[in-house]
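In the working numbering, the protein residues as written are 3 to 334.
Written out as structure tokens, the structure reads:
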């Protein structure tokens, strides 16, 4: 039994739901040494800013139980270098590219969005709403529905038609659903969730913070339950809005969990840091997990955790030979 892994992000069709998370797969070249980047549903770029950024001083990474703290400070070459060097490489290698954009003000986001209007190979734009808004005491745009909506509205107005705009949301808020609804009302075609969680670690020998930037973003398996909760809640409130699920995915069954909660696609982040082939491995494992459960189309699994008890899907009966599916109630 073959599985149809095709999925959609608004008007964009993808051959499968697995992609890199912004900042965790480089610009494509890095992972391209290990597998064909065109095999993924999409490559999500690091967050691109108007000007080059050196990022924060080292140390930038600190391991934690079941996770990693990072404080890179959105290091990057800026939009000019990205358009001249990185995007052409992705386009030449057949990658479907989702460009993450960032800035310190609405105007900076708009500047990057405008530069992408005629860029080849861009299938979607992802707005990193976790950047600080310098015009509002440094509070991140994602912290308030009004601020998040303002930036989505501005980017949507300056992005060419047919290219969906996704807002990447933070779980470090009191009302994730409220922010998600504000972004959708402002014109977001979809949502990415979640971004890293704000955390900190202290060295118990030096008595100093382990990161030069003091605090950082927590990623990895430790945050997956939070990601699943956020995807589930937002899908329940906005079932027609496509969601890219992100957060601590290490295996195909981890990816399936986010799909069942309501994600149409799944982005792989921290796992790439220790396993450069993680995306292709997880894609194979997801295919296997769906086949083992008798699900022939990924689309049938999206949001299945929201379906009424007693919903019938085909599953493998452990008393039947491997690969011999039987119909039974999957939700009791």
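Here a beta-carbon is modelled for each residue, glycine too, at the ideal position from N, C-alpha and C.
### Query
On the three-state DSSP scale, how would you describe residue 258?
helix
### Message
As an exercise, report each continuous alpha helix (DSSP H) stretch of at least 4 residues that is fully enclosed by the segment 61-137, in chain order.
### Response
89-94, 108-117
### Query
Hey, is the segment 153-162 in contact with the segment 89-96, meaning 3+ C-beta pairs nearer than 8 Å?
no
### Segment limits, beta strand (DSSP E) that includes residue 270
267-270
### Task
Please confirm if the segment 14-26 is in contact with the segment 267-280, defined as three or more CB-CB distances below 8 Å between the two stretches.
yes
### Query
To the nearest angstrom, how far is it from the Cα of residue 81 to the Cα of residue 307?
40 Å
### Query
In chain order, which continuous runs of the alpha helix (DSSP H) of length 4 or greater are located wholly inside the segment 137-191?
147-159, 178-187
### Residue burial classification, residue 208 (beta-carbon count within 10 angstroms, cutoff 16)
exposed
### Query
Is it true that the CB of residue 213 sits closer than 8 Å to the CB of residue 173?
no
#### Entry: Three CB pairs or more closer than 8 Å across the segment 295-306 and the segment 250-261
yes
### Task
Name the residue from 92, 127, 119, 253 whose alpha carbon lies nearest to the alpha carbon of residue 103.
127
#### Entry: residue 235 to residue 6 span [Cα, whole Å]
26 Å
### Query
What is the C-beta distance between residue 192 and residue 245, in whole angstroms, given that I count them as a contact (C-beta under 8 Å)?
7 Å
### Message
Within 8 Å, do at least three Cβ pairs link the segment 46-62 to the segment 70-80?
### Response
yes
### Message
According to DSSP, residue 199 sits in a beta bridge with which residue or residues?
### Response
220
### Buried versus exposed, by CB contacts within 10 Å (16 or more), residue 252
buried
### Task
Could you pull out every residue in the same chain whose Cβ sits closer than 7 Å to the Cβ of residue 40, ignoring the five residues on either side in sequence?
95, 96, 97
### Task
Give the DSSP-derived three-state secondary structure of residue 32 in the structure shown.
helix
### Query
What's the C-alpha gap between residue 179 and residue 150?
12 Å
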